[in-house]
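For reference, the structure discussed in these notes is given below.
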Amino acid sequence: YCRLDKKGVSLMTDLVNRLHISRRAIDRIIRLARTIADMRGAEHISYSDLAESAQFRVSQSEIFPGC
Numbered sequence: 037y038c039r040l041d042k043k044g045v046s047l048m049t050d051l052v053n054r055l056h057i058s059r060r061a062i063d064r065i066i067r068l069a070r071t072i073a074d075m076r077g078a079e080h081i082s083y084s085d086l087a088e089s090a091q092f093r094v095s096q097s098e099i100f101p102g103c
């Protein structure tokens with residue numbers, strides 16, 4: 037239902053490794069990405085859907101230290 041392509045899996049792996057976010061947070065990011073894809077009318081979650089949802093779920097200071 038929410039399969040990720042290789043780029044999507046790589047993004048999620050990077051978030052887990054760099055930010056040490058929980059499995060629950062990953063699930064929420066993917067669920068939000070599914071909603072974003074649905075709003076676009078897309079059948080599959082794209083890398084940009086995941087990146088956008090991660091921006092909503094993770095604070096900017098965690099993504100870009102020093103900002």
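Every letter in the sequence shown is one number past the one before it in this note's numbering, and letter 53, counting from 1, is 89. Each residue gets a CB set at the ideal place from its N, CA and C atoms; glycine is no exception.
Is there contact here, the stretch 50-60 with the stretch 68-78, by at least three beta-carbon pairs under 8 Å? no
Suppose the cutoff is 6 Å on Cβ atoms and the five residues either side in sequence are ignored; what does the same chain contact list for Y83 look like? K43 and G44
State the CB to CB distance for the pair S46 and I72, rounded to an integer number of angstroms; the pair is presumed to be in contact (CB under 8 Å). The Cβ separation is near 18 Å, so there is no contact.
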